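Undergrad: Residue numbers (this note's numbering): 24 to 523. Idealized CB from N, CA, C, for every residue including glycine. Predicted, not measured: the structure shown is a model, and the values here were computed from it.
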RNA sequence: GCCCCCAUCGUCUAGUGGCCCAGGACGAAGCCCUCUCAAGGCUUAAACCGGGAUUCGAAUUCCCGUGGGGGCACCA
């Protein structure tokens, strides 16, 4: 038994993320992809991207590219996929038509499926009647027992048809989910679902099952919205006589209030607050792949402690047995926390590289030497990367324009503040350089002598040199700004104060 | 309406019959540190949905409620 578990753990897993290119890639897809990636990499297996584009009407141009880009941005590089190839391709379902119709024919031949000639109008009509009679809407079975010869005749005659799965009418289906155990469903609850549409393309039910088998997927991780058709899928696998993968139905995400799923409105509201569930928005909002991944990993995966992890650490610790099945409310404050925590973990060079684009996007000219010097000052202050702007833009500006009111120290007036500024100017001028080692001690002595608080005195200097009331540590900042600029800015501040 | 899933602090979770008067993290409150803002350190408040049953013993097993979520397409 012990050995069995041991070998099971080592068996390479093949996992896949199978999104439909119908819109922007979002949190839910990213989390499944993460778990897929972790499981595959941990076991030395492969992580695959498959595009499920069989609903031609819903496909959105550009959305497939968004999936490629999103996965790469997250650092979840797939081993096989439409744009990277692989020996189980093609990886786009619309390019696999022939495979599905072949398999549909196999099911028809072995009696597990049958052609259906009912029109959508007819179907809609019976549905309405069933609802009127307060029955559950279901396919009424008109073509289920049609004579095969007649069916063949109609098909030959060019009549449009679909292929439906022949669900057992009696007994129960036991489907096993790794997290939830056996899920028992009475077969009479199940419908004769369409497998192959009249346009010749498969529905999800056929396509996913066939592809997972053909691509030798060992673990199917998907959202719990598939639980309803889970028994169907299990029946299809069995009708083919195939071995089932390990099924894992993950929990769904609830909106922050915990009541229901994220709607369009909440999604838009989140962006207004500086958050998003769309991967494409994350970079602009200042989130890092590390922070985002860590955050999303922990909604649905329980770790006892030490919850800050990078991809490698997640891989070490990941285990499908620790996945949770209850719905999780999205908590953006926690996203902030993980983002800030990972930012603090970045190296100076690493963080410099991450924040530079934000300064540039703002139209600032970035001196790399200065950038490297300010990173240690900014690091523990950033929640999102774009916070570097409010904390560090002034380092790259020729001049700062302080708000005159901000130059006046608390409890004092403009005249008094000007006098203090002048005195500080004299002290700074007398120092050999602008280093914090040279400047801080004499200014501390001055604070002592003046009977004022450090807060009051240094506050004036902060606003004068940085142009803002909140900044990284004053003396270290001044050192980076440089002697000439600092002295000039103090002089200018005195001027402003004296005019008030 | 029918079917399925889920149920521990406000939130994410640990917990697989005694180690639990329930642990961690976010958030909150307080204190310390402090030139602002942070970061950091320390501390506090905060939960086993309800009711039965099994058991010497239940957050953990079973049943019934209740609440929440998902599904009932020629969409995925």
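#1: Given that a residue counts as buried once 16 or more other Cβ atoms are within 10 Å of its Cβ, and exposed if not, what is residue 374?
#2: Quick one: what's residue 475 bridged to in DSSP?
#3: For residue 210 versus residue 193, is the C-beta spacing smaller than 8 angstroms?
#4: When you compare the segment 275–295 with the segment 340–359, are there three or more beta-carbon pairs, one atom per stretch, that lie closer than 8 angstroms?
#5: If distances are taken between C-alpha atoms only, which option among 496, 454, 448 and 456 comes closest to residue 517?
#6: Is the beta carbon of residue 138 closer than 8 angstroms to that of residue 166?
#7: Taking the CB atoms as reference points, tell me whether residue 55 and residue 245 lie closer together than 8 angstroms.
#8: What does the alpha-carbon distance come out to for the pair residue 221 and residue 231?
#9: Please classify residue 20 as buried or exposed, where buried requires at least 16 other C-beta atoms within 10 Å of its C-beta.
#10: Could you pull out every residue in the same chain whose Cβ sits closer than 8 angstroms to the Cβ of residue 480, ignoring the five residues on either side in sequence?
#11: Quick check on residue 209: does DSSP put it in helix, strand or coil?
#12: Given a cut-off of 8 angstroms, decide if residue 301 and residue 358 are closer than it, judged by their beta-carbon atoms.
#13: When you compare only the Cα positions, how much space is there between residue 312 and residue 198?
#14: Judging by CA-CA distance, which residue of 213, 271, 287 and 299 is the nearest neighbour of residue 258?
#15: Considering only C-alpha positions, which residue in the set 393, 383 and 395 is nearest to residue 409?
#16: From residue 15 to residue 108, what distance separates their C-alpha atoms?
#17: Please go through the segment 284–360 and give each complete alpha helix (DSSP H) segment of 4 or more residues, from N-terminal end onward.
#18: What residue does the alpha helix (DSSP H) around residue 153 start on, and which one ends it?
#19: Curious, which full-length alpha helix (DSSP H) runs of at least 4 residues does the segment 88–113 contain?
#20: DSSP three-state label for residue 67, please.
#21: Which same chain residues end up closer than 6 angstroms to residue 59 when comparing Cβ atoms and leaving out the 5 residues on each side of it in sequence?
#22: Please report how far the alpha carbon of residue 519 lies from the alpha carbon of residue 84, in whole angstroms.
#23: Please state whether the Cβ-Cβ distance between residue 389 and residue 369 is less than 8 angstroms.
#24: For the segment 99–108 against the segment 127–141, do three or more pairs of beta-carbon atoms, one drawn from each stretch, fall closer than 8 angstroms, so that the two count as touching?
#25: Quick one: grab the DSSP three-state call for residue 166.
#26: Strictly by DSSP, which residues pair up with residue 37?
#27: Is it buried or exposed for residue 495, if we count other Cβ within 10 angstroms and need 16 for buried?
TA: Inspection of the coordinates gives the following:
#1: Along the first chain, read from residue 1 onward, the residue named residue 374 stands at position 351. By the neighbour-count rule (16 or more Cβ atoms within 10 Å), residue 374 is buried.
#2: Within the first chain, residue 475 is the residue found at index 452, counting from 1. None, per the DSSP bridge assignment.
#3: Stepping through the first chain from its first residue, residue 210 is reached at position 187. Stepping through the first chain from its first residue, residue 193 is reached at position 170. Yes. Within cutoff.
#4: yes
#5: Along the first chain, one-based indexing puts residue 517 at 494. For the residues 496, 454, 448 and 456, the minimum Cα distance to residue 517 belongs to 448.
#6: The count along the first chain starts at 1 and reaches residue 166 at position 143. The count along the first chain starts at 1 and reaches residue 138 at position 115. Yes, Cβ-Cβ distance for residue 166 and residue 138 is below 8 angstroms.
#7: In the first chain, counting from the first residue as 1, residue 55 sits at position 32. In the first chain, counting from the first residue as 1, residue 245 sits at position 222. Yes, these two residues count as a Cβ contact at 8 angstroms.
#8: To locate residue 221, count along the first chain from 1; it is residue 198. To locate residue 231, count along the first chain from 1; it is residue 208. If you take the alpha carbons of residue 221 and residue 231, they lie about 18 angstroms apart.
#9: The structure shown does not extend to residue 20, since the chain is modelled only from 24 through 523, so no value can be given for it.
#10: Start at 1 with the first residue of the first chain, and residue 480 comes out as number 457. For residue 480, where only same-chain residues beyond five positions count, the Cβ hits under 8 angstroms are 432, 443, 447, 466, 469, 470 and 473.
#11: Position 186 of the first chain holds residue 209. Residue 209 falls in the strand class under three-state DSSP.
#12: To locate residue 358, count along the first chain from 1; it is residue 335. To locate residue 301, count along the first chain from 1; it is residue 278. At a Cβ-Cβ threshold of 8 angstroms, residue 358 and residue 301 do not count as neighbours.
#13: Your numbering for residue 312 matches position 289 in the first chain. Your numbering for residue 198 matches position 175 in the first chain. Residue 312 and residue 198 have their C-alpha atoms roughly 36 angstroms apart.
#14: Within the first chain, numbered from 1, the residue matching residue 258 stands at position 235. Among 213, 271, 287 and 299, the Cα nearest to that of residue 258 belongs to 213.
#15: Start at 1 with the first residue of the first chain, and residue 409 comes out as number 386. When only C-alpha atoms are compared, the closest one is 383.
#16: Absent from the model: residue 15. The displayed extent of the chain is 24 to 523, so no value can be given.
#17: 287–295, 302–305, 312–320 and 334–340
#18: On the first chain, position 130 is the one that residue 153 refers to. Its alpha helix (DSSP H) spans residues 143–155.
#19: none
#20: Sequence index remark: in the first chain, residue 67 carries index 44 (1-based). Three-state DSSP puts residue 67 in coil, outside helix and strand.
#21: Along the first chain, one-based indexing puts residue 59 at 36. Counting only Cβ-Cβ distances below 6 angstroms, and skipping sequence neighbours, we find 38, 40, 70 and 244.
#22: On the first chain, position 496 is the one that residue 519 refers to. On the first chain, position 61 is the one that residue 84 refers to. Computed Cα separation, rounded: 56 angstroms.
#23: The residue you call residue 389 lines up with position 366 of the first chain. The residue you call residue 369 lines up with position 346 of the first chain. No; because the gap between Cβ atoms is not below 8 angstroms, this pair is not in contact.
#24: no
#25: Residue numbering aside, residue 166 sits at position 143 when the first chain is read from its first letter. Residue 166: coil per DSSP, three-state reduction.
#26: To locate residue 37, count along the first chain from 1; it is residue 14. DSSP, once it has assigned bridges, lists 69 as partnering residue 37.
#27: Residue mapping note: residue 495 aligns to position 472 of the first chain, counting from 1. Under this definition residue 495 is a buried residue.
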